[in-house]
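Keeping their order, the protein sequence lines are chains A and B. Just so it is clear: in the first sequence, position 90 is 1428 by our numbering, and no numbers are missing. Just so it is clear: in the second sequence, position 569 is 568 by our numbering, and no numbers are missing.
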Amino acid sequence: MGRGKESSPSSSIDSSSHPALSTASSLSQPRRDLSTDLRLGLSLSTSSPQDSSSSARGQLSDWPPIKPLLRSTLTEKGRQIQRQSATFFVKVYMEGIPIGRKLDLLALDGYDGLITTLRRMFRTSIMCPDIARVPTNNKDHVLTYEDKEGDWMMVGDVPWEYDSCQLYSSLHPSICHCLLFFLLSPKSLTFGLSRMFLTTVKRMKIARADKC
Amino acid sequence: MREERSDMSEDEDGGGGSAKSRGGGGAPPPFSDQVLENVLENVLQFLSSRGDRNAASLVCRSWYRAEAQTRRELFIGNCYAVSPRRATERFRRVRAVVLKGKPRFADFGLIPNNWGAHFHPWVCAMAAAYPWLEKICLKRMSVADGDLSLLAYSFPNFKELSLICCEGFSTAGLAVIAEKCRHLRVLDLIEDYLEDDEDEMSDWMSRFPETTTSLESLVFDCVGSAVNFEALEALVTRSPALRRLRVNHHVSVEQLRRLMALAPQLTHLGTGSFGSAAAAIPQGGNNVVDLVNTFAASKSLVCLSGFRDVAPQYLPAIYPVCANLTSLNFSFADISAEELNPVIRHCHNLQNFWVLDTVRDEGLQAVAATCKDLRELRVFPVDPTEDSEVSVSDVGLVAISEGCRKLRSILYFCQQMTNAAVVTMSKNCQDLVVFRLCIMGRHRPDHVTEEPMDEGFGAIVMNCKKLRRLSVSGLLTDKAFAYIGKYGKLVRTLSVAFAGNSDLALRYVLEGCTKLQKLEIRDSPFGDSALLAGLHHYYNMRFLWMSSCKLSVRGCNEVAQRLPHLVVEVIRDRDEDDDGEFVEKLYMYRSLAGPRTDAPPFVKIL
């Protein structure tokens, strides 16, 4: 009878006191693995489909029997290899311009990077939603995206990607300095916890603010 | 790499307390007997094997005393099997001590922190009893900085310290050792976990004596904090006897080159990161050329390890030494088969090879084609999970078995395996002493026939007549264990995980493997009746570990009652409640010392 445990407190020996690992706690380790799985899922690189029955069992921190230092060092390396090879290009159009651009979302680190890169690419200021303010300049643009269901949504409402520690907090610092424009459509309110930007975006459009 | 340590896992029974040994000497013998004893001592001092010494000590009281007086190296395979006082009272002239603590499954987080294996009582006893002590080797012990300090102050002639898989100490302890042990020859830190607070790290490298040192071996690749490089350079400069140097990953390849230039006499080198420091100014191809020249000048190198962040452009620098290498450890280097090939092609003399599965079956085929003298192979998974991509498989195993006929020891992690491949290896590699196959998917069968892996492991025990250590994995029924019990007559260490159908499996092993010393089992359906089937044998074993099996407190209690010299520990995870009938973790071992007094609250001794 195997009891598949996630990293239990009793396995703290492999989290608190080894030299090569940075301050990751044993608690965040399984979640880091999940985000790696997510990236793999949406990267268009070809990893062969795995044995589906075993993926349902969950990861054990003490199986296979690898010493923690080796495991942490290799996991870090494995993640670096994945990061280097995984890409996710999406099309971006500016309203009024027929030729679009392509952008690798995995090369960016969140909405900050996205807005900065797009501003540079399209040489325009882009607003993002924030709750309490009102647009003042109708010549600005807003960033929208088409999600998997075919709806056009405002960029910035949902988390960039799954992150156990910061489900929503990563959004607000990057938004608070932007001009406010919040479109109160029913659909923008129905985001669920499972809807992260990276997993749901298909393509993006920079639309004129006065048209939204 | 650790060839001198490989004895640890195949060690023989004995040490300070074989369960059959008698107590101390009694009244001093008459004069003529004293003369005889002196003569005997002169003879016995040449006896080095502890198995032989244990046998000699059982002949009669006189031999017992003579042997006790002449034993120079004391080996304690389980620190709780005998008390420090008893050991130091019997053996009074010891110069070297080897001490082992926690069971091996502690390496994988199966044993909670603070379980025990404290060095403290031992160092206190030895400080009093062995002022002339020269050498200490600890494995899986809990060592505090205070213990290292006591060691440094108590043994003026101290020469060699080896700490393997230990924890509890920090760079502060190392600083005291460096400063006070003026005759230090060996400081080997191997796979230890140092407790270092980032703000309070000690510059231990600067504390070595300013004069010429007698250092022969300095191994610190497991130390997580950077060392003072100038101090290290200066130390190497004034250590003409240095032969083994293994630096940690903070040492860049440029720094390594400087160290190597100072010590061309090195035989064992741990290369640290083998990548560029971030701040290094790239000098184009000059860097690599300098590195190649430096390696070319190191004509004595036989063992290479490290490569923690290997930059592929630097790898060709090691070509000049490949032909002399007997040992190569690439277990931290994620290189492909294409990157491995030009290196391994030159390694005709390689005997030990540790590598990551990123080299795939193709890489192993290249190894098999060149390394005809290979004795030990370890293949580690870069992605140690059950669902990772297949990179090495039965194909690689068969290739190795066909190319490396002298193979003695193999550790092979893989996602899938076939019985046929294992059978082939059993027939090709008759010298196998250690066979450890880890199919990472739990309960995974032969991926071609979908059958259990029984026949493969059965062939191993049947055909490899020298087999002493076995680790099994994959889908295994009781039949596999029937084979092991029937044919594994020399097996001393057996590791079982997620295997077997019923108690029969464990019975087969306990009844059949007469030389079994160490048995570690996890997540297998073995219960009390199987446990009780081994009563006749437990006094002959170093230990038995069983976790996540089907044991109950009642069964373990019965063992404890029937075998009074067995310490039966029931360990529970900290956050679970007491008083369950179910035993999560059982660790039991013979002992002359009785139940230990330093057990933490989560350990219950029955």
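Just so you know, even glycine gets a beta-carbon here, dropped at the ideal spot from N, CA and C. Predicted, not measured: the structure shown is a model, and the values here were computed from it.
With fewer than 16 other CB atoms across the displayed protein chains lying within 10 angstroms of its CB, TYR152(B) is exposed. Taking a C-beta distance under 9 Å as the contact criterion, ALA86(B) and HIS117(B) do not qualify as a contact pair. Contact annotation: THR1462(A) and ILE1544(A) have beta-carbon atoms nearer than 9 Å. Taking C-beta atoms as the reference points, GLU133(B) and ALA95(B) count as a pair closer than 9 Å. Flagged as an interface residue toward chain A: VAL381(B), by a C-beta distance shorter than 9 Å. Linking ASP1489(A) to THR1537(A) through their CA atoms gives a straight-line distance of about 14 Å. For the stretch 427–449 of chain B, the set of residues with a beta-carbon nearer than 7 Å to any beta-carbon of chain A comprises CYS437, MET439, GLY440, ARG441, in chain order. ASN351(B) carries a strand assignment under DSSP once its states are collapsed to helix, strand and coil. The C-beta of ARG553(B) has fewer than 16 other C-beta atoms within 10 Å across all chains shown, which makes the residue exposed. Under the Cβ criterion of 9 Å, SER148(B) is not counted among the residues facing chain A.
Nearest C-alpha to MET545(B) among LEU565(B), SER523(B), LEU562(B): SER523(B). In the structure shown, the three-state DSSP call for ASP1495(A) is coil. The beta-carbon of LEU109(B) is placed less than 9 Å from the nearest beta-carbon of chain A.
Inter-segment contact for the stretch 190–208 of chain B and the stretch 241–249 of chain B is absent: fewer than three beta-carbon pairs are separated by less than 8 Å. Within chain B, the residues ASP106, PHE107, GLY108, TYR192 have their CB atoms less than 9 Å from the CB of PRO1406(A), given in chain order. By the Cβ neighbour-count rule, LEU137(B) is buried, with 16 or more other Cβ atoms within 10 Å of its own. Any Cβ of chain A closer than 9 Å to the Cβ of ARG92(B) would place that residue at the interface, and such an atom is absent. Taken through DSSP and simplified to helix, strand or coil, ILE438(B) comes out as strand.
Distance from the CA atom of GLN33(B) to the CA atom of GLN68(B), rounded to whole angstroms, is 13 Å. For HIS1479(A) and ARG1458(A), the gap between their C-alpha atoms comes out near 14 Å. In the DSSP secondary-structure assignment, TRP544(B) is bridged to GLU519(B), TYR586(B).
One thing to note: PHE207(B) has its Cβ no nearer than 9 Å to the Cβ of HIS182(B). Judged by DSSP in its simplified three-state form, VAL185(B) adopts strand.
When DSSP states are grouped into helix, strand and coil, CYS123(B) belongs to the helix group. In the displayed model, GLY269(B) falls within a strand according to three-state DSSP. Going by beta carbons, SER335(B) and THR357(B) fall inside the 9 Å limit.
C-alpha of CYS413(B) to C-alpha of HIS249(B): approximately 31 Å in a straight line. VAL495(B) carries a strand assignment under DSSP once its states are collapsed to helix, strand and coil. Our two residues, VAL287(B) and PRO1402(A), have alpha carbons roughly 37 Å apart in a direct line. Beta-bridge analysis with DSSP links LEU39(B) to no other residue. Per DSSP, the unbroken beta strand (DSSP E) holding ASP1442(A) starts and ends at 1439–1442. SER425(B) sits buried, since 16 or more C-beta atoms from the chains shown fall within 10 Å of its C-beta.
Taking the C-beta atoms as reference points, PHE379(B) is found no nearer than 9 Å to LEU396(B). The way I'd put it, the stretch 458–474 of chain B doesn't touch the stretch 1438–1448 of chain A; fewer than three beta-carbon pairs between them come closer than 8 Å.
Counting other Cβ atoms within 10 Å of its Cβ, GLY487(B) reaches 16 or more and is therefore classed as buried. For ILE483(B), the enclosing alpha helix (DSSP H) covers residues 477–486.
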